[in-house]
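In mature numbering (1 follows the signal peptide of the UniProt record, and there is no 0), the protein residues as written are -18 to -1, 1 to 193.
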Amino acid sequence: MIRRLLCLVLLLPAFAHADVDPRFARLRDTAEPLGGLGAFLDRYIGECGSLFASSDCRTKADAFRKHYRGKRMYMIVTEEVATMVAPGAYQPNTGHFSVHITPVFPGGRYALTDGTPKKTDAEGTPVVPALTVTGTSPRGWNGGVFSRLFSSQGVRVQVIFTPMDIWTLTQPSGGKTFGVAARIEAILVTEGRTGQELGLWLEGKDAPKKK
């Protein structure tokens, strides 16, 4: 369940690598950088169930949500918490590969998802359709190098999204879990150390970098 997830999305300033894919960069430059996903979701959802919640908590949440709903945002998911990406197939003859993305981004007690999930898995994590991006490895790579990027937490994810509605799901163990449905406009997957592009999801489809 989301409340048990330890992987919080850690965020950096909205300036990653200067040579980032220009298609992504153009969209990113029109978005507001996010300071911290957990705090953002907490204020956007405004559950206000804590004993320490102020009397005007819901009023503030309504105002916050009204301000940010439909507004383009940008965040970076750092390597140590980018658990929503996984290696796909690697073709040694061509160097072509695929990367699978599960667009569920945990933040504190909540999660940001691509669209509105209809159910959770046995762990209470919202279930949404996976996305797949493709790319071609640079000279010197092989299947082992590609796989180790993921097993050694070497992959960074940058996301451009527009927050929309709040969703509610029943947890397998009982109780409710909340999150924010978003329109995911772009996801850039890179090697964290070098900025090497691994794949780009843009405008609802795979958008591999042209050679």
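Yeah, the Cβ is synthetic: ideal placement off N, Cα and C, and Gly gets one too.
Distance CB(residue i)-CB(residue j) smaller than 7 Å
i: Y26; j: R47; result: yes
i: D3; j: L182; result: yes
i: V109; j: T95; result: no
i: A13; j: R54; result: yes
For residue j and residue i, believed in contact at Cβ under 8 Å, the rounded distance
i: V81; j: P99; result: At roughly 21 Å, the Cβ-Cβ gap does not stay under 8 Å, so V81 and P99 are not in contact.
i: V115; j: D188; result: 5 Å
Own chain partners of residue i with C-beta closer than 6 Å, once the 5 adjacent residues on each side are dropped
i: E62; result: Q135
i: C(-12); result: Its pLDDT being 41, under 50, C(-12) is placed unreliably in this model, and the coordinates cannot settle the point.
i: R175; result: none
i: Y72; result: F79, G125, F128
i: W149; result: T98, G161, A163
Residues near residue i in its chain [Cβ-Cβ closer than 7 Å; skip 5 each side]
i: S119; result: G77, F79, F128
i: P154; result: T102, A104, G106
CB contact below 7 Å: residue i versus chain B
i: I166; result: Checking the listed chains, one finds no chain B in this structure; it contains a single protein chain.
Member of the options whose CA lies at the smallest distance from the CA of residue i
i: A112; options: D147, P190, V67; result: V67
i: T65; options: Q140, W149, K192, T144; result: Q140
i: A45; options: F87, F22, I58; result: F22
i: I142; options: D24, Y56, F6; result: Y56
i: A93; options: L151, R121, F6; result: L151
i: G117; options: K191, T84, P15; result: K191
i: G90; options: W123, L19, G156, D38; result: L19
i: T84; options: P74, S133, C30, I169; result: I169
i: L16; options: E173, G177, T144, G156; result: T144
Simplified DSSP state of residue i, which is helix, strand or coil
i: A112; result: coil
i: D147; result: strand
i: V2; result: coil
i: A163; result: strand
i: E173; result: strand
i: E179; result: strand
i: A189; result: coil
i: T65; result: coil
i: T12; result: coil
i: D38; result: coil
Own chain residues within Cβ distance below 8 Å of residue i, not counting five before or after
i: M146; result: R51, G52, V162, A163, A164, R165
i: G186; result: none
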